[in-house]
Amino acid sequence: MTRFIGFWCGFFFLISLFLQALQAAAPVDLGVDVLAERQFRELQGKRVGLITNASGVNKHGASTLDLLLHAPGVRLTAILAPEHGLYGTSWAGEKVASVPDPRTGLPIYSLFGETRKPTPEMLRDLDALVYDVQDIGCRSYTYISTLGLAMEAAAENGKEFFVLDRPNPLGGVRCEGMPLDSRFRSFVGEWDVPYVYGLTAGELAKMISGEQWISKRPALTVIPMNGWRREMIWEDTGLLWIPPSPNIPEPQSAFFYVLTGLLGEASGVNNGVGTPLPFALVGSPDLDPYGFVRAMSRSRIAGVVFRPTWYRLFGKEGRGKIFGGLQIHLRDPRRVPLIPTALTLLEEVNKALNGNPIAGMPSDNGLMFDKLCGGDAVRLTLQQGKSIKELWESWESYLEEYRTRRKKYLLYPEAAGHPPLGEMGSEGQPGEGAIPKAQPVPANRKEP
């Protein structure tokens, strides 16, 4: 009898695991998929301008551009492209020209060239703007600035605005990081949200409009997803990943961007951009990899492993330089406290290089660093040798207020019982004790 009961208990346990696996792997219908299932009825009879890039695809990988181009009753009239261009071939910060699309013959209006906001001329022959761009959930990634400015332009010119919703690859739970000081508002920090804001594009559009962060609010329609839950990261969605920009090649790149993006402005430090592992490396020609890893491992950060490494950059700029540093491995992305980890990386690399990464920044880089951070508090704290931990803890009241304020804009229920975010000091690094003491590194060392 005991064996019989044990068998059925085991059987039902396996069935429950199977059902959970099926649920976790359930496909997500993107906003564009939902729109297509409705036979594009919201856009029927309208002349449409599409804000998109290569990442604007449905769950099967077909581009939204092609879907609207062939949608019965919809007249796709213009394409508007954010930073990096329609096909994602321009580098960060590189101006993009407005040109005809050689494939469709439609005009491609650049929103990262002579203007960053659609002009009346761009919108003259349109009835509506449709936004379908994959974002990464970080305030400094410029697509959300394009989103809000395009909403404002639509309102000013009497055009409807539609957002085809997409997942936030960081999930919809975590809200972390620096508030935006209005003195440092810029295209890499337009909206009063934390650095990691925990919203989908559709939810953020509702918040931009509802909080009146733009001068005039458009007639806004968000086409929501089906099947997406706030606790999902990209790997849970079953969706294809199309890089939204050249240095975000895979879903985990969104996490890496938050962890090391700020280091791109630091003097003498590389964050993996220019290698096959953008944002997943931190290095410098003057950095001891083993000492750096030991310093980071002392923080015992959950969900992440730091591995000592050497590397070179692609192209001419990489000739003759060997970078020592660490590679970041995300063992459990949900548990990693992103902003504490990012600021600890900044603090430790700044210490290891005698303060030069921050103090040695040219004025233009320093200003951009502050804009990316949304203020000068991070830079000043590092320069003055104050506690970076006390700084990030000081933001908690702002984050609590933000979490409350965002609730009325959520399209998807808040998660109950989601895995906890990691904490500093909660977990040791595998193999930490096996990392040997650093040995003197010859100035003329060869590539290992």
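With full-length UniProt numbering applied, the sequence shown corresponds to residues 1 to 448, in that order.
For glycine and all other residues, C-beta sits at the position ideal for the given N, C-alpha and C.
This structure is a prediction, so every number in the text was calculated from the model and none was measured.
query	result
Evaluate PHE292 with the Cβ neighbour count: other Cβ atoms within 10 Å of its Cβ, from every protein chain shown; 16 or more gives buried, anything less gives exposed.	buried
Starting from the Cα of THR260, find the closest Cα among TYR402, VAL282 and GLN252 and give me that residue.	VAL282
By the three-class DSSP mapping on this structure, what secondary structure does PHE255 have?	helix
Tell me the rounded alpha-carbon separation between LEU345 and ALA359.	16 Å
Can you give the Cα-Cα distance for ARG229 and TYR412, rounded to whole angstroms?	7 Å
Note down, one range per segment and in chain order, each beta strand (DSSP E) of at least 3 residues found wholly within the segment 41-115.	47-52, 75-81 and 107-110
Classify GLU176 as helix, strand or coil using the three-state DSSP reduction.	strand
Please say whether ILE388 and PRO337 have beta carbons closer to each other than 9 Å?	no
Using DSSP with H/G/I as helix, E/B as strand and the rest coil, what is SER245?	coil
Report the three-state DSSP secondary structure of GLU160 (helix, strand or coil).	strand
So TYR195 and ARG139 are in contact, right, with Cβ under 8 Å, and what is the actual spacing, rounded?	5 Å
Go ahead and label LYS371 buried or exposed: buried means 16 or more other beta carbons lie within 10 angstroms of its beta carbon, across all protein chains shown.	buried
Output yes or no for whether 9 Å exceeds the beta carbon distance between LEU150 and ILE51.	With the sequence shown as reference, residue 150 is identified as Ala, and Leu is not the correct amino acid for it. In this structure, ILE51 lies closer than 9 Å to ALA150 by Cβ.
In the DSSP assignment, the beta strand (DSSP E) including ARG379 goes from what residue to what residue?	Counting along the chain, ARG379 falls outside any beta strand (DSSP E), though it belongs to the alpha helix (DSSP H) covering 377-383.
Using the C-alpha atoms, what's the distance from TYR402 back to THR341?	21 Å
Which of the three DSSP states, helix, strand or coil, is assigned to ASP286?	coil
Short check: CB of GLY49 to CB of LEU30, under 9 Å?	no
Measure the CB-CB distance between ASN350 and ALA266 and report whether it falls below 9 Å.	yes
Quick one, are the C-beta atoms of LEU35 and ILE242 less than 9 Å apart?	no
Starting from LEU338, follow the alpha helix (DSSP H) in both directions and report where the run begins and ends.	338-352
Hey, out of TRP234, PHE314, THR404 and GLY324, whose CA is closest to GLY137's CA?	TRP234
Determine the burial state of GLN327: buried for a count of at least 16 other Cβ atoms within 10 Å of its Cβ, exposed for fewer.	buried
Determine the closest residue to LEU123 out of GLU83, ALA78 and THR64, with distance taken between C-alpha atoms.	ALA78
So residue 466 packs on ALA154, CB below 8 Å; how close in whole Å?	Any property of residue 466 remains undetermined from this structure, which presents the chain solely from 1 to 448.
Sort GLU42, CYS373, PHE112 and GLY264 by Cα distance to SER182 and report the nearest one.	CYS373
Taking all protein chains shown into account, do 16 or more other C-beta atoms lie within 10 angstroms of the C-beta of TRP91, making it buried, or fewer, making it exposed?	exposed
With DSSP as the reference, identify every bridge partner of ALA128, one or two as the case may be.	VAL48 and GLU160
Among ASP288, PHE184 and ASP332, which residue has its Cα nearest to the Cα of ALA252?	It should be noted that the sequence gives Gln, not Ala, for residue 252. Per the Cα distances, ASP332.
Just tell me which of VAL28, VAL273, HIS60 and LEU67 has its CA closest to the CA of GLN39.	LEU67
I need the boundaries of the beta strand (DSSP E) containing TRP213, first residue and last residue.	Note, TRP213: premise wrong, no beta strand (DSSP E); not H, not E.
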